[in-house]
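Undergrad: One structure is given below, represented as structure tokens, and several questions about it will come after.
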Amino acid sequence: MTRNIVVIHGPNLNMLGRREPVIYGAMTLAAIDAALAERAAAAGAALRCFQSNHEGALVDMIHDAGWSADGVIINPGALTHYGLSLRDALAMLKAPIIEVHISNVYKREPFRHTSVVAPVATGQITGLGWRGYLLALEWLLRED
Ligand code: DQA
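Under this note's numbering, the first residue of the sequence shown is numbered 3, with each subsequent residue one higher.
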């Protein structure tokens, strides 16, 4: 089981709850992080959550917290589609990386159909709403 999990949220995800709720739902980022913390605690895992609107700050977080994590859940926001320094930072990690998108990016504008992160991620969950994060966490917590 993965014991030390880091959750990273990219640009504009601090606005969840108020941001285009038809697309992203009504859950706030704080409520999502609280749900993840509760599930991790029940499993005896340590979980830390970070958010930034700045690519360099996300890279710093990956160098710091991501490096020591043994599982990473990341929603890179729009950086998904062009954030090459974010991708390069993730590529350094040995831990599994789950890329999560609240909306189904493949049903949306063509620019959202490309992920520069996907080739360095272990897997991707897209379109299952905020519960996609919980599903990613369940996978990291699996006992096999
Ligand atoms: C998103 C999808 C991205 O295209 C968008 O830029 C976001 C959120 C999602 O969670 O559905 O900021 O990653």
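Yeah, the Cβ is synthetic: ideal placement off N, Cα and C, and Gly gets one too.
Here the structure is a predicted model, which is why all the values come from computation and not from measurement.
How many Å lie between I127 and G46 at the Cα?
TA: Rounded to the nearest angstrom, the two C-alpha atoms are 24 Å apart.
Undergrad: May I have the straight-line CA-CA distance separating F113 from T82, to the nearest angstrom?
TA: Each residue's Cα considered, the two are about 10 Å apart.
Undergrad: Since I believe G134 is in contact with H103 (beta carbons under 8 Å), could you give me their beta-carbon distance rounded to a whole number of angstroms?
TA: With a Cβ gap of about 7 Å, H103 and G134 count as contacting.
Undergrad: Helix or strand or just coil, what does DSSP make of I104?
TA: Of the three classes helix, strand and coil, the one that applies to I104 here is coil, per DSSP.
Undergrad: Can you check whether the CB of L136 is closer than 8 Å to the CB of L18?
TA: Result no, Cβ atoms of L18 and L136 do not sit closer than 8 Å.
Undergrad: So what does DSSP say about R50, is it helix, strand or coil?
TA: Three-state result, R50: strand.
Undergrad: Helix, strand or coil: how does DSSP classify H11 here?
TA: DSSP places H11 in strand when its eight states are reduced to three.
Undergrad: I'd like the list of long-range same chain contacts for V119, defined as Cβ closer than 6 Å, with 5 residues on each side in sequence excluded.
TA: Excluding sequence neighbours, V119 sits near P78, T82, R89, E101.
Undergrad: If you draw a straight line from the alpha carbon of K109 to that of D66, how long is it in whole angstroms?
TA: About 34 Å.
Undergrad: Considering only heavy atoms of the ligand DQA, does any lie closer than 7 Å to the CB of A120?
TA: No - the ligand DQA has no heavy atom lying nearer than 7 Å to the Cβ of A120.
Undergrad: Does any C-beta atom of chain D lie closer than 8 Å to the C-beta of A138?
TA: This model lacks chain D altogether, as it is built from one protein chain only.
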